[in-house]
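Residue numbers (the numbering used here), protein chains in the order written: chain Z, 28 to 145; chain V, 5 to 117.
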């Protein structure tokens, strides 16, 4: 398996521009997560999907951020308009939990997209 | 919400055994304990997972006492390539809440020659 695929790997844009980050999860995984990582705040969960449906988006910082998962093999995270404080590494991860109501889950992370907003 | 506490950083030398302890006083009955490793410019990578007692795989061992309020990741004979940030997570996906998917700041392990 190719693992979780993210694109682009690096993105440099100017304040006010729209940014779209893309993710292809591992085939067969029914959970997809978007994280943001900065030196100051560490690794933060933004939103996660189960079977293409957003389950919890309480980590999304504000309305400028939106995420979609139109099908099981593709998700996007969009920032519009972007601001310098959005500069971070954005990770996508997928998982396939085990059995049981409170099942353990192992997340597989992509290589990340390093976003710089000037 | 099972919050975790880990040391910010640790130093070690090649060939030594490294033990990183994570405190999770509010762990719930059905919560699992998972450790991830992250190298610079890469996403976190699963290392090991357990519920109680001891779990061992080809990379590490995980020790969990009977009260499960803490856990210790043990890396035998570390090498320079083990220099990374190690995260302890408690919980999993249930109840539709992301509250259990908190990575925290992790422990930055530096292995010296």
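Glycine included, C-beta positions come from ideal geometry on N, C-alpha and C.
Practice task
In angstroms with no decimal places, state the Cα-to-Cα distance between residue 138 of chain Z and residue 62 of chain Z.
Solution key: If you number the first chain from 1, residue 138 of chain Z lands on position 111. If you number the first chain from 1, residue 62 of chain Z lands on position 35. Approximately 12 Å, taken between the alpha carbons.
Exercise for the section: Give every residue of the same chain whose Cβ lies closer than 8 Å to the Cβ of residue 38 of chain Z, excluding the five residues on either side of it in the sequence, and list them in chain order. Expected result: Counting from 1 along the first chain, the entry for residue 38 of chain Z is found at position 11. Here the set comprises 46, 48, 140, 141, 142, 143.
Problem - Host beta strand (DSSP E) of residue 126 of chain V (start-end) - result: The structure shown does not extend to residue 126 of chain V, since chain V spans only 5 to 117, so no value can be given for it.
Practice task
Could you tell me if residue 51 of chain Z is buried or exposed, where buried requires 16 or more neighbouring beta carbons within 10 angstroms of its beta carbon?
Solution key: By 1-based counting over the first chain, the position of residue 51 of chain Z is 24. Buried, by the Cβ-count rule.
Handout entry: Residues that residue 133 of chain Z contacts on chain V, provided the C-beta gap is smaller than 8 Å
Key = As a working mapping, residue 133 of chain Z is identified with position 106 in the first chain. Those are 38, 50, 53, listed as they occur along chain V.
Handout entry: Reference residue 100 of chain Z; option with closest CA among Z/145, Z/40, Z/60, Z/65
Key = The residue labelled residue 100 of chain Z in the question sits at position 73 within the first chain. Minimum Cα distance to residue 100 of chain Z is reached at Z/60.
Practice task
With 7 Å as the limit, tell me which residues of the stretch 45-76 of chain Z have their beta carbon closer than that to any beta carbon of chain V; keep them in chain order.
Solution key: 58, 69, 70, 72, 75
Problem - Entirely enclosed beta strand (DSSP E) segments - the stretch 79-121 of chain Z, minimum 3 residues - result: 80-83, 92-98, 101-106
Exercise for the section: Check residue 54 of chain Z in the structure and name its three-state DSSP category. Expected result: For the purposes of this step, residue 54 of chain Z is taken as residue 27 along the first chain, with counting starting at 1. Residue state, collapsed to three classes: coil.
Problem - Test item: CB-CB of residue 36 of chain V and residue 55 of chain V under 7 Å - result: Against the second chain, residue 36 of chain V aligns to sequence position 32. Against the second chain, residue 55 of chain V aligns to sequence position 51. Contact flag set, yes.
Exercise for the section: Name, in chain order, the residues that DSSP records as bridge partners for residue 51 of chain V. Expected result: Locating residue 51 of chain V in the second chain gives position 47, counting from the first residue. For residue 51 of chain V, which the question treats as bridged, DSSP gives no partner whatsoever.
Exercise for the section: Report buried or exposed for residue 112 of chain Z, applying the criterion of at least 16 other Cβ atoms within 10 angstroms of its Cβ. Expected result: As a position in the first chain, residue 112 of chain Z is number 85, starting the count at 1. Its Cβ having fewer than 16 others within 10 Å, residue 112 of chain Z is exposed.
Handout entry: Nearest candidate by alpha-carbon position, reference residue 49 of chain V, set V/108, V/75, V/88, V/60
Key = As a first step, residue 49 of chain V is located in the second chain; it is residue number 45 there, counting from the start. Cα-wise, what sits closest to residue 49 of chain V is V/88.
Problem - Contact set for residue 27 of chain V: own chain, Cβ-Cβ below 6 Å, skip 5 residues either direction - result: For the purposes of this step, residue 27 of chain V is identified with residue 23 of the second chain, where counting begins at 1. Counting only Cβ-Cβ distances below 6 Å, and skipping sequence neighbours, we find 9, 74.
Exercise for the section: On a CA-only basis, which of V/108, V/90, V/82, V/61 is nearest residue 44 of chain V? Give me that one, please. Expected result: Looking up residue 44 of chain V in the second chain gives position 40. Ranking V/108, V/90, V/82, V/61 by Cα distance to residue 44 of chain V puts V/90 first.
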